[in-house]
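Asker:
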Amino acid sequence: MALTLQISSLRQVTVLVCQGIIVFGEEADSLRAQVKELLRQNEPSLPGPSVVPGLSLVLDLSLVLYMDSGGLGALVGLLTSIRAAGGDLKLAGLNERIERVLKTTHLNQVFQIYASVEEAVNAFHAGAAVQK
Amino acid sequence: MNDAPASQSPSRVLVIEDEPSIRVLLNRVLSGAGFAVEEASDGLEGLERLSRHEFDVVLLDVWMPHMNGLDVLTELHRRGSTQRVILMTADHAPETLLHAVREQASQYISKPFSSEELLATVQRVLACPAQPAIEVLSAKPDWVQLLVPCQREVVDRIQSFLMGLDSDLPHQVRESLGQAFHELLLNAIEWGGKFDPNVKVQVACLRTRRMVLYRIADPGAGFRFDSLKHAAVSNPEEDSIEHIKIREEKGMRPGGFGILMTRFLVDELLYNEKQNEVIFIKYLD
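Those protein sequence lines, which keep their order, are chains W and Z.
Quick note, the first sequence lines up with residues 886 to 1017 if you use our numbering.
Quick note, the second sequence lines up with residues 583 to 867 if you use our numbering.
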């Protein structure tokens, strides 16, 4: 498999660093499985690290070399399942190529996209402040 | 990145490369990622090692003294070997690439490459359960025609070689062609061929001074655009992901963005009447 996933936490926001390619097959499946596990860990009965109820996740795509339509579909699937569970997903560190792919499919209007993980985490906290 | 979990023995890689500094560098990157690496400094030594030991994958340089990489490939093919081989070269001559396809190389990686690209390529090749055979119908640099089995793994493999043929084109043009080809070949293999390795998709790549044309013909019954509610191309303007709900209802895998993406990537996209054949064109001037 050509995708490595690394989980960390930054100021109560979960950060998932993706390295490699996100394409239809094993790679997209492993990403979905990882987020499913994070969602399970963030169920209300289990105290999670989120700043808002549900999973607050930043997907760091700065080390992603390539993404196909299967990878895009996986990202959309993550977004809908995280939001359905009361959380939210933000994307960070997109290279020019991935940004172009999101633009051509109009998904840049669906995802919240930030230049860096730091900015995405800040946005979670700004959103939490507004909610309070 | 480590492809081999600690509990399993590491995947074995043979690096055949005459340039000592490159050999050392490749060894360092691969060993650092958990692979067991051996080195050979030319084709003859490489073949000798392959006769004595088993390797999960071979990284093979093309231009080397004594015996070059293409001759190694030919010899392996002659022996009936199914060895996975990744060809690495800065030589983008169509003849080199087409020779490699004909002799069933697994992948092609263009020098120079990053350690991330290298590891991603090695891991993709290792993940492929069995190397499907590709039939070369025409190997003229300006008219390449292939018959490929309907297996997911074949997409990356063919893509790496055909994109190598377009290495003289601007980076963005190559990227667009590569992505369009990936999406449409995957569609053909998945929907037309139902991932059945016994049926074949025909791929042609024609190059003229002013354009690059790809044709992909699958063995399926075709489709109609008005029945593609599960594809992003049918979404209303105000909802870019409406098709995802339909895919979920139908139990389909996430995706459906392929045709929409392709429309933006190429200059012409044409389907035949049954829509089991597609042509796309990128103009070069």
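Glycine included, every Cβ here is placed at the ideal spot set by N, Cα and C.
The structure displayed is predicted, hence computed values, not measured ones.
Going by C-alpha to C-alpha distance, which of Z/D653, Z/L607 and Z/F695 sits closest to Z/L629?
Answerer: Nearest C-alpha to Z/L629: Z/D653.
Asker: Output, in chain order, the set of chain Z residues within a Cβ distance shorter than 8 Å of W/L916.
Answerer: Within 8 Å Cβ-Cβ: nothing; W/L916 doesn't reach chain Z, min ~10 Å.
Asker: Among W/A1011, W/T989, W/L976 and W/L890, whose alpha-carbon lies nearest the alpha-carbon of W/L960?
Answerer: Answer by Cα proximity: W/L976.
Asker: Which residues of chain Z have a Cβ atom closer than 7 Å to the Cβ of W/L992, listed in chain order?
Answerer: Near W/L992 (Cβ distances below 7 Å), the residues of chain Z are S822.
Asker: Does DSSP classify Z/V683 as helix, strand or coil?
Answerer: In this structure, Z/V683 counts as helix in the three-state DSSP scheme.
Asker: List, from N- to C-terminal side, the beta strand (DSSP E) runs of 3 residues or more that fit wholly inside the region 743-813 of chain Z.
Answerer: Runs found: 782-789 and 793-799.
Asker: Taking Cβ-Cβ distances shorter than 7 Å, what residues in chain Z pair up with W/R982?
Answerer: What W/R982 touches in chain Z: E757.
Asker: Using 8 Å as the limit for Cβ to Cβ distance, is W/L979 near chain Z?
Answerer: Not closer than 8 Å to any Cβ of chain Z, the Cβ of W/L979 fails to qualify, so no.
Asker: For W/K1017, which residues from the same chain have a beta carbon less than 6 Å from its beta carbon, with the 5 sequence-adjacent residues on both sides left out?
Answerer: At W/K1017 the pLDDT is 45, less than 50, meaning the model places this residue with poor confidence; the figure from the coordinates comes in the next sentence. If we look at W/K1017 and ignore the five residues flanking it on each side, it has no Cβ neighbours.
Asker: Under 8 Å between C-beta atoms, does Z/L842 make it to chain W?
Answerer: Chain W contact via Cβ: present.
Asker: Within 8 Å, do at least three Cβ pairs link the region 603-616 of chain Z to the region 991-1003 of chain W?
Answerer: No, the region 991-1003 of chain W is not in contact with the region 603-616 of chain Z.
Asker: Against chain W, which members of the region 686-717 of chain Z pass a CB distance test of less than 8 Å?
Answerer: Residues passing the 8 Å Cβ filter: E698, E699, L701, A702, T703, Q705, R706 and A709.
Asker: If you draw a straight line from the alpha carbon of Z/L751 to that of W/N927, how long is it in whole angstroms?
Answerer: If I take the Cα positions, the gap works out to 48 Å.
Asker: How many Å lie between W/E922 and Z/H648 at the Cα?
Answerer: Going by the C-alpha atoms only, they are around 53 Å apart.
Asker: Once DSSP output is grouped into helix, strand and coil, what is the label at Z/Q590?
Answerer: In this structure, Z/Q590 counts as coil in the three-state DSSP scheme.
Asker: Taking DSSP as the reference, what is the three-state secondary structure of Z/V644?
Answerer: Here Z/V644 sits in coil by DSSP.
Asker: When DSSP labels each residue in this structure, what does Z/K864 get in the three-state scheme?
Answerer: Three-state DSSP puts Z/K864 in a strand.
Asker: According to the neighbour-count rule (16 or more other Cβ atoms, all chains shown, within 10 Å of its Cβ), is Z/Y865 buried or exposed?
Answerer: Z/Y865 comes out exposed.
Asker: Based on Cα-Cα distance, which residue from Z/D821, Z/L795, Z/H825 and Z/H812 lies nearest to Z/T852?
Answerer: Sequence inspection shows Leu at residue 852 of chain Z; the Thr mentioned does not correspond to that position. Answer by Cα proximity: Z/L795.
Asker: Would you report the Cα separation of Z/G760 and Z/I841, rounded to the nearest angstrom?
Answerer: Distance between the alpha carbons of Z/G760 and Z/I841 is about 14 Å.
Asker: Which partner residues of W/C903 appear in the DSSP bridge assignment?
Answerer: Answer is W/L890.
Asker: Compare the C-beta of W/K1017 against all C-beta atoms of chain Z and say whether one is closer than 8 Å.
Answerer: Reliability fails at W/K1017, whose pLDDT of 45 lies under 50, so the model's placement of it is uncertain and the value that follows must be treated cautiously. Chain Z, which has no Cβ nearer than 8 Å to the Cβ of W/K1017, makes this no.
Asker: Mapping DSSP to helix, strand and coil, what is W/V943?
Answerer: Residue state, collapsed to three classes: strand.
Asker: Just to make sure I have the definition right: I need the residues of chain W whose C-beta is within less than 7 Å of the C-beta of Z/P779. Which are they?
Answerer: Those within 7 Å of Z/P779 in chain W number zero; the least Cβ separation is about 15 Å.
Asker: Assign Z/P587 to one of two classes, buried (16 or more other C-beta atoms within 10 Å of its C-beta) or exposed (fewer than that).
Answerer: Note that Z/P587 scores 44 on pLDDT, short of 50, meaning its location in the model is unreliable; the coordinates nonetheless yield the value given after this. When all chains shown are included, Z/P587 counts as exposed.
Asker: Does any residue of chain Z have a CB that is nearer than 8 Å to the CB of W/S954?
Answerer: Yes, W/S954 lies at the interface with chain Z (some Cβ there is under 8 Å from its Cβ).
Asker: If you draw a straight line from the C-alpha of Z/L767 to the C-alpha of W/V898, how long is it?
Answerer: Each residue's alpha carbon lies about 39 Å from the other.
Asker: Can you look up W/D973 in the DSSP assignment and give me helix, strand or coil?
Answerer: Here W/D973 sits in strand by DSSP.
Asker: Among W/A887, W/V900, W/G910 and W/R985, which has the Cα closest to the Cα of W/N1007?
Answerer: Looking at the Cα atoms, W/V900 is the closest of the given residues.
Asker: As an exercise, report each continuous alpha helix (DSSP H) stretch of at least 4 residues that is fully enclosed by the region 696-741 of chain Z, in chain order.
Answerer: 697-709, all fully within the region 696-741 of chain Z.
Asker: Distance, Cα to Cα, Z/R734 vs Z/V718?
Answerer: Each residue's Cα considered, the two are about 19 Å apart.
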